[in-house]
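Just so you know, the UniProt record's numbering puts 221 at position 221 of the sequence shown, and the rest follows in order with no gaps. Have a look at the structure below before the remarks.
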Amino acid sequence: MEMNMAKNPAPAPAEGTFEVGYERVAEVFAHQLKTEEIGAGLAVYRSGQCVVDLWGGLADRKSSRAWERDTRIVVFSVTKGFAAMALHLLADRGLLDWSEPVGTYWPEFSQSGKSKITVGQLLGHRGGLAFLDTKLSMDDLTDPSRYPKVLEAMETQKPSWRPGEDQGYHAITFGMYARELFERIAGESMGAFLRREIFEPLASDVHLGTPQSEDSFIATLYPPATPSRVFRMMTSATLEPESTEAFVLKEFLDRKSTMRQAFTNPAIPGNDMTLYNKEPVRRSELAWASATGSAQGVARAYLPFSMEGSFEGRQFLKAETLEPAYRRLGWSTHDRVLQKPLGWSNGFLKEERHLFSPNPESFGHAGMGGALGWVDPVNEISFGYVMNKMDWHVRSPRAVALCRALYESTALIEGR
């Protein structure tokens with residue numbers, strides 16, 4: 001593939017560069033930085049070469065610290081994509097079979113009606129384990145001495161629907177079950193494995209379990225104020241009663257709904273989502289939400305997944321191991337939790353084609369608030385977007401706008 005690699009300076013107020021043919025992406029990023037962001041970064045690779053490398057704004061408002069190319073932030077559920085990467089590497093090495101019952105690798109999991117749940121069903125959010133009945137605190141999940149309580153809660157949990165027959169986003173429990181499954185097989189922490197096998201070889205600054213030495217790179221997180229978020233959702237529900245946000249609000253107001261239970265255990269003190277960007281959560285390997293990284297770090301972590309498993313001569317995993325991720329292995333027209341059409345393939349999110357990518361082969365994972373990491377293997381694209389001003393929508397309009405701008409770029413339209 002021939003590409004014009006002439007560097008262009010980012011349009012104000014953004015910093016960085018982009019290649020010829022990606023002007024539309026740079027324009028949208030700069031506009032959003034001026035009108036909607038506090039601080040943000042965007043990185044796009046195509047065929048292994050960085051074609052968009054943009055950043056700008058503030059990492060911290062109080063100190064006026066600038067957002068730099070290597071500024072990092074907690075990426076919430078983008079973390080789930082990294083967990084899926086780790087499990088794909090185990091599958092590639094013959095250590096994990098998607099069609100096997102989870103109990104093959106984790107015998108205690110099989111109790112309470114879970115003996116037939118396969119690895120693929122669990123990672124596809126179809127195991128009926130979207131929430132836990134045992135009430136947990138964030139301390140339970142970040143203090144290793146309390147882990148036996150968490151483990152017992154996972155192992156004794158009964159499915160809330162017949163496994164395999166429905167789908168509901170396992171917002172928190174996905175990471176809990178995925179990490180335990182991984183560590184039962186690999187015999188080491190998921191964070192350490194990811195650093196050694198993926199992040200470090202790819203020069204990615206992503207960490208699952210962020211060490212203190214990286215703290216100076218972390219930006220301040222700014223979630224939407226709770227009253228403001230509720231007001232906006234209620235307004236959306238009134239004006240657009242068939243919108244995803246309207247369905248989400250309705251479900252969240254029902255204390256017994258799957259959606260509410262999936263997001264509220266463990267309880268977050270004061271509903272303060274900045275907790276995920278601070279100690280001790282940042283130090284913990286919470287495989288559903290605690291990874292940190294820059295836009296460059298996210299995009300670089302996905303590089304081999306955009307190029308049939310290889311990058312710069314190294315085969316990270318075989319093409320045939322990755323091929324199932326190109327297809328929708330599971331799909332729901334109305335997910336029980338997120339209240340919208342979507343699906344998964346062995347842990348990777350498969351979104352509606354009008355959102356992130358028009359190509360059905362694309363996969364990755366979005367994070368609460370707007371962070372996003374995904375690949376388009378058709379165009380060999382690896383995409384990373386992070387920001388510190390969280391959005392209240394189920395899918396951030398800012399992230400979607402950047403994705404659409406990418407596919408409106410002349411470089412993709414003209415196939416160069």
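From the three backbone atoms N, C-alpha and C, an ideal C-beta is built for every residue, glycine too.
| task | Look up Val378 in the DSSP assignment and give the residues it is bridged to. | result | Here residue 378 corresponds to residue number 378 of the sequence shown, with the count starting at 1. In DSSP, Val378 forms no bridge with anything.
| said: Quick check: what's the CA-CA separation for Met1 versus Glu308? | reply: In the sequence shown, counting from the first residue as 1, residue 1 sits at position 1. In the sequence shown, counting from the first residue as 1, residue 308 sits at position 308. Low confidence applies to Met1: its pLDDT is 46, below 50, so where it sits in the model is not reliable enough to give any reading.
| Shortest alpha-carbon distance to Gly124 belongs to which of Phe311, Trp344 and Val394? | Against the sequence shown, residue 124 aligns to sequence position 124. With distances taken between Cα atoms, Gly124 lies closest to Trp344.
| query | Taking C-beta to C-beta, are Val78 and Gly347 nearer than 8 Å? | reply | Position 78 of the sequence shown, counted from the first residue, corresponds to residue 78. Position 347 of the sequence shown, counted from the first residue, corresponds to residue 347. No; because the gap between Cβ atoms is not below 8 Å, this pair is not in contact.
| request: Flag this pair as yes or no: are the beta carbons of Ser382 and Leu303 separated by less than 8 Å? | output: As a position in the sequence shown, residue 382 is number 382, starting the count at 1. As a position in the sequence shown, residue 303 is number 303, starting the count at 1. A distance below 8 Å separates the beta carbons of Ser382 and Leu303.
| In whole angstroms, what is the alpha-carbon distance linking Thr142 and Gln49? | Working through the sequence shown from its first residue, we reach residue 142 at position 142. Working through the sequence shown from its first residue, we reach residue 49 at position 49. So the alpha carbons of these two residues sit roughly 38 Å apart.
| Which of the three DSSP states, helix, strand or coil, is assigned to Leu33? | Your numbering for residue 33 matches position 33 in the sequence shown. Here Leu33 sits in helix by DSSP.
| request: Compare the Cα-Cα distances from Leu349 to each of Pro224, Phe82, Gln32 and Ser216 and report the closest residue. | output: In the sequence shown, the residue the question calls residue 349 occupies position 349. Looking from the CA of Leu349, the closest CA among Pro224, Phe82, Gln32 and Ser216 belongs to Phe82.
| field | Cβ shell of Gly128 (< 6 Å), same chain only, five flanking positions each side left out | value | Locating residue 128 in the sequence shown gives position 128, where the first residue counts as 1. Excluding five sequence positions before and after Gly128, the CB atoms of its chain that fall closer than 6 Å to its own CB belong to Pro159, Ser160, Trp161 and Pro163, given in chain order.
| said: In the DSSP output, which residue or residues are listed as bridge partners for His207? | reply: Residue mapping note: residue 207 aligns to position 207 of the sequence shown, counting from 1. DSSP lists Thr292 as partners of His207.
| 8 Å Cβ cutoff met for Ala295 and Leu42 | In the sequence shown, residue 295 corresponds to position 295, counting from 1. In the sequence shown, residue 42 corresponds to position 42, counting from 1. In this structure, Leu42 lies closer than 8 Å to Ala295 by Cβ.
| query | Which same chain residues, not among the five before or five after Tyr169, have their C-beta less than 6 Å away from its C-beta? | reply | Sequence index remark: in the sequence shown, residue 169 carries index 169 (1-based). The beta carbon of Tyr169 sits closer than 6 Å to those of His125, Asp335, Val337 and Leu338, all from its chain and outside the five residues before and after it, given in chain order.
| field | Backbone CA spacing between Ile172 and Ser110 [nearest angstrom] | value | The residue labelled residue 172 in the question sits at position 172 within the sequence shown. The residue labelled residue 110 in the question sits at position 110 within the sequence shown. Ser110 has its alpha-carbon roughly 20 Å from the corresponding atom of Ile172.
| Ala153 versus Ser137, Gln167, Glu165 and Asp166, residue with shortest Cα-Cα distance | If you number the sequence shown from 1, residue 153 lands on position 153. Comparing Cα-Cα distances from Ala153 to each of Ser137, Gln167, Glu165 and Asp166, the minimum goes to Ser137.
| query | What are the boundary residues of the beta strand (DSSP E) that Tyr45 is part of? | reply | Here the question's residue 45 lines up with position 45 in the sequence shown. From DSSP, the beta strand (DSSP E) with Tyr45 extends over Gly39 to Arg46.
| task | Count the C-beta pairs between the stretch 191-199 and the stretch 29-43 that are closer than 8 Å, then say yes if the count reaches three, no if not. | result | Between the stretch 191-199 and the stretch 29-43 there are fewer than three C-beta pairs closer than 8 Å, too few to call the two in contact.
| request: Pull up the distance between the alpha-carbon of Arg328 and that of Glu351, whole angstroms please. | output: As a first step, residue 328 is located in the sequence shown; it is residue number 328 there, counting from the start. As a first step, residue 351 is located in the sequence shown; it is residue number 351 there, counting from the start. Answer to the nearest angstrom: the Cα atoms are 9 Å apart.
| message | Taking 6 Å as the limit between beta carbons, can you name the residues of its chain near Phe263, skipping five residues before and five after? | response | Along the sequence shown, one-based indexing puts residue 263 at 263. Cβ within range, chain order: Ala171.
| task | Select from Asn8, Tyr385 and Val20 the residue whose C-alpha is nearest the C-alpha of Val206. | result | Against the sequence shown, residue 206 aligns to sequence position 206. Comparing C-alpha distances from Val206 to each of Asn8, Tyr385 and Val20 shows the shortest one belongs to Tyr385.
| field | Burial state of Asp133 (16 or more Cβ within 10 Å) | value | Position 133 of the sequence shown, counting from 1, holds the residue named residue 133. The residue is exposed, with fewer than 16 neighbouring Cβ atoms inside 10 Å.
| request: Would you kindly check if the distance between the Cβ of Ile218 and the Cβ of Thr118 is under 8 Å? | output: On the sequence shown, residue 118 is found 118 positions in, with the first residue counted as 1. On the sequence shown, residue 218 is found 218 positions in, with the first residue counted as 1. At a Cβ-Cβ threshold of 8 Å, Thr118 and Ile218 do not count as neighbours.
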